[in-house]
Amino acid sequence: MYSTPFMPNFIDIKSITPRLGVGLALFLLLLCHYATAQQEPKEVTKQLAQVNQLISDLQFRKAVEQGKQLLKRQPKNPDVYLAVGLGYYNMYSRPDSAVFFLKKGMDLLNDDELMDETGINLQLSLAKSFQWMLKPERALEIYRKMLLRLTPEASELLNEINREMQTCENARMLIANPINFKITNLGDAVNSPYDDHSPLMTLKGDAILFTSRRPGDGRSLQFDEQYPEKIWLTSAKDTSWQNAKTLQTFFKKNEHESAVSLSPDGKNLFLFRNDPDGKNLYVSSLINGQWATPKRLAYNINSYENETHCSLSADGSTLFFTSDIEGGHGGLDIYYAKKDINGNWGNPRNLGPVVNTPYNEETPMIYLDGKTLYFASEGHNSMGQYDIFYSQMNPDSTWNTPVNMGFPINTPGDDLFFVPTIDRKKAYYATKKFSDNRGGLDIYLIEFEEDFAGKLSVIEGKVNQGETTRVVRLLVTRTDDMKLVGDYRPDPVTGEYTLFLETGYRYQIKEVRQRIEEEVVGEISIPETMAYKPGQQTLSMVKDVPMEPPLLTAQGQLTPSQEKATDKESVLTPSVTTSTTTSTKKVEITESRPIIQPQKPMPVSTADAHGYTIQLLALRKQPLQDYSIFDGLDKQQITEHSCTDGFNRYTFGIFTHKIDALHQRKLIQSKGQFNDAFVRPISEINDMRVKSK
């Protein structure tokens with residue numbers, strides 16, 4: 001996993017490590033420094049090669065142990081000091097020990113020898129160790145001295161040093177301006193002495209799926225002294241996490257399998273697998289409480305190169321993923337693909353040079369608002385290795401310059417897998433840097449002191465799937481700017497769906513059925529009071545959000561007669577707009593003045609009428625006795641309908657043409673009344689009316 005060792009000779013090869021090593025630059029130390037080795041006994045050369053091989057195999061503790069034994073026989077061999085220093089550096093918790101041995105090795109060299117292979121490697125490693133210790137000024141001193149001695153022919157090394165100097169300058173600025181937050185290790189119930197990473201929080205915050213390289217189920221120890229990656233699950237009880245358990249073994253016992261993301265509705269788990277033909281992405285669906293056998297994503301997502309991470313948008317229509325396929329900006333880039341009208345993934349597109357850099361980008365996570373992308377990058381203004389950034393998409397679908405999440409979230413080491421909660425007041429991520437680390441990567445909880453703009457509501461609902469046609473898409477458009485903000489696909493069998501909508505806006509819903517053109521279903525307003533809070537155990541249902549037909553509530557069981565009636569409408573609560581904002585409130589029919597006899601309008605007969613009418617309300621209770629709710633309207637135009645499903649419906653007017661009804665509805669709503677009124681054929685009302693005997 002992202003336990004990528006630093007090796008000072010910048011030779012890029014394909015990694016043989018699991019999920020976190022895929023696609024990363026693995027800097028290999030040249031195992032034998034031949035110029036020196038020719039003057040050493042063959043046995044020493046052999047033992048030094050073994051130490052260096054242990055480092056390449058990520059067995060750092062063994063490398064340090066054997067290297068220190070070799071130093072007893074070769075106390076003046078700078079190559080051995082280099083190997084021991086590299087071992088300590090890559091153990092992450094011991095940069096101070098790395099500095100001690102690397103400086104010892106440098107002290108054995110004169111000025112000329114400092115610029116040969118061993119000397120350069122010692123200086124680079126020492127500078128990186130100072131960076132890890134949050135001492136960028138000390139690292140800059142070393143880099144500047146090296147630049148003075150290097151010739152233009154060493155262009156690759158010059159470029160690398162200049163890049164490291166830039167990361168040091170970035171670190172200086174970020175360390176001087178730390179962000180305020182509280183960070184907590186999730187503890188022994190979650191973290192282990194091995195790598196634990198990729199935290200995936202369920203929507204309600206009651207469980208976390210994560211990937212771990214701890215032992216279990218008879219799995220074999222790997223060459224890097226860790227066990228195969230498997231997916232684990234921990235559940236919340238009261239204020240603590242319960243001991244983690246293996247979620248499920250999807251592939252072979254001793255194969256790596258890593259969870260990379262969870263769909264917002266919790267029904268699809270995306271996995272990474274190291275296949276013989278490359279690194280690929282898979283998806284497993286939750287069916288009847290069990291995770292199904294993972295299916296490999298389509299070949300336009302999984303290319304002939306490496307794909308390492310992905311994240312699905314809230315509406316399920318866009319997949320963001322990383323790939324090092326030819327034609328990118330360098331290393332791993334972030335791409336996105338959209339579903340076509342048939343539900344298949346279209347051709348992927350590169351996010352472009354604003355987000356992607358000549359270096360690696362990894363672990364993209366698209367937030368539920370569909371426009372904020374969190375990701376890790378070795379480029380931009382990174383402090384070194386992977387830092388966490390975010391970028392926001394503009395209305396024209398371009399991306400803003402990524403913003404570094406700041407210190408101490410980011411450090412000169414690898415910082416990855418940033419997953420915010422729905423309110424963005426908290427986040428989970430994996431890092432090695434803190435003193436309470438259990439070993440390897442640990443999972444931490446971040447609690448921010450400042451609030452982030454924008455709150456989301458979570459609304460569950462259900463569409464009626466007819467016998468001849470099925471709802472295949474729900475298109476959600478924000479009415480302020482008529483921007484499409486969601487392309488949801490209800491479950492093809494149950495019709496259930498989950499909407500993630502920013503509060504404080506009004507939205508238009510369009511329904512797309514098979515073989516039928518899209519139809520405007522209605523509009524809904526999402527007040528700020530409907531913002532979902534992590535830990536909230538109940539979601540807003542459609543019936544809590546007045547919405548026009550044919551969207552149904554997913555709460556409770558409907559009787560056959562109710563299903564027939566609500567095929568064209570939802571349960572509406574009487575509401576009025578209290579201001580020019582989108583917040584609504586229920587109308588309380590109370591009087592503080594002397595009660596007067598309520599005046600009911602003379603009903604407009606629709607028994608034999610054709611055309612359209614405007615439905616204002618549908619109430620499951622006794623008929624209204626006070627029509628003051630309709631003040632401001634011509635009450636002679638209002639008709640009360642007692643219907644067979646137990647609802648009392650109230651309509652306004654009779655219109656020959658639908659366009660006239662739509663115009664009248666707009667006039668009514670312009671007065672701040674009945675924002676959830678909709679136009680419907682009069683014949684539908686007549687079919688539902690209780691027939692007089």
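With the UniProt record's numbering, the residue at position 658 of the sequence shown is 658, and numbering never jumps.
Note that CB positions come from ideal geometry on N, CA and C, so glycine has one too.
Could you give the uninterrupted runs of the beta strand (DSSP E) lying entirely in the stretch 392-472, keeping only those of 3 residues or more? 416-420, 426-431, 442-448, 456-463
Taking the alpha helix (DSSP H) that F60 falls in, what are its first and last residues? 60-73
According to DSSP, what are the bridge partners of G278? Looking at the DSSP assignment, G278 forms a beta bridge with D275.
On the DSSP letters alone, give me the boundaries of the beta strand (DSSP E) that L209 sits inside. 207-212
Which one or two residues does DSSP pair with A244 in a beta bridge? In the DSSP assignment, A244 forms no beta bridge with any residue.
M530 bridges to which residues according to DSSP? According to DSSP, M530 bridges with nothing at all.
Can you give me the C-alpha to C-alpha distance between I614 and Q625, rounded to a whole angstrom? 21 Å
Please list the terminal residues of the continuous beta strand (DSSP E) segment that includes V260. 258-262
If you follow the beta strand (DSSP E) that R94 is in, where does it begin and where does it stop? Premise fails: R94 is in no beta strand (DSSP E) and is neither H nor E.
If we count the other Cβ atoms within 10 Å of its Cβ and call it buried at 16 or more, is F678 buried or exposed? buried
DSSP beta-bridge partners for I341? BP columns for I341 are empty, so no partner.
Quick one: residues in its chain with C-beta nearer than 6 Å to the C-beta of L351, no 5 flanking neighbours on either side, listed in chain order? I334
Taking only runs that begin and end inside the stretch 105-149, name each unbroken alpha helix (DSSP H) of 4 or more residues, in chain order. 117-132, 136-149
Which residue wins for smallest C-alpha separation from T503, given the options D369, G439, Q673, D217? The shortest Cα separation from T503 among D369, G439, Q673, D217 belongs to D369.
Can you give the beta carbon distance from T322 to E362, rounded, assuming they're within the 8 Å contact cut? 6 Å
Can you tell me where the alpha helix (DSSP H) holding V512 begins and where it ends? Counting along the chain, V512 falls outside any alpha helix (DSSP H), though it belongs to the beta strand (DSSP E) covering 505-513.
Rounded C-beta distance between N356 and G384? I'm assuming under 8 Å. N356 to G384, Cβ: 19 Å. No contact.
Go through its chain and collect everything with a Cβ distance to L286's Cβ below 8 Å, but skip five positions before and after it. G266, K267, N268, L269, A292
Report buried or exposed for K288, applying the criterion of at least 16 other Cβ atoms within 10 angstroms of its Cβ. Reading the sequence as shown, one finds Asn at residue 288 and not Lys. Exposed is the call here.
Which of helix, strand or coil does DSSP assign to N675? It is coil, neither helix nor strand.
Taking the alpha-carbon of F417 as reference, which of I446, L126, N121 has the nearest alpha-carbon? I446
Answer with buried or exposed for M106, where buried requires no fewer than 16 other C-beta atoms within 10 angstroms of its C-beta. Buried, by the Cβ-count rule.
With 16 other Cβ atoms within 10 Å as the buried cut-off, status of T566: Model confidence at T566 stands at a pLDDT of 35, short of 50, so the residue's coordinates are unreliable; what they give is reported in the following sentence. The residue is buried, with at least 16 neighbouring Cβ atoms inside 10 Å.
Cβ-Cβ distance between L70 and Q47 below 7 Å: yes
Please report the Cβ distance between L373 and F320, rounded to the nearest whole angstrom; I am assuming they are in contact, meaning their Cβ atoms lie under 8 Å. About 7 Å separates the Cβ atoms of L373 and F320, confirming a contact at the 8 Å cut-off.
How about T613: is its Cβ closer than 6 Å to a heavy atom in the ligand MG? Inclusion of the ligand MG in the displayed structure is not the case, the ligand content being empty and no account of it being possible.
Element boundaries [alpha helix (DSSP H), containing M173]: Looking at the DSSP string, the run of the alpha helix (DSSP H) that includes M173 is 155-176.
Which listed residue (N159, L147, L441) has its alpha carbon closest to that of H197: L441
Taking the alpha-carbon positions, what's the A244 to D188 distance? 9 Å
CB contact flag (I526, L499, <7 Å): The answer is no: Cβ separation not under 7 Å.
Put P199 into one of helix, strand or coil per three-state DSSP. strand
Beta-carbon proximity list for L436, same chain, < 6 Å, skipping 5 on both sides: According to the sequence displayed, residue 436 carries Asp and not Leu. Once the five neighbours on either side are set aside, the close Cβ partners of D436 are N185.
Rounded to whole angstroms, what's the CA-CA distance from M173 to V403? Just pull it up for me. 14 Å
As assigned by DSSP and simplified to three states, the class of F181: Three-state DSSP puts F181 in a strand.
Through-space distance from I301 to S212, alpha-carbon basis: 25 Å
Considering only their Cβ atoms, is the gap separating V472 from W399 smaller than 7 Å? no
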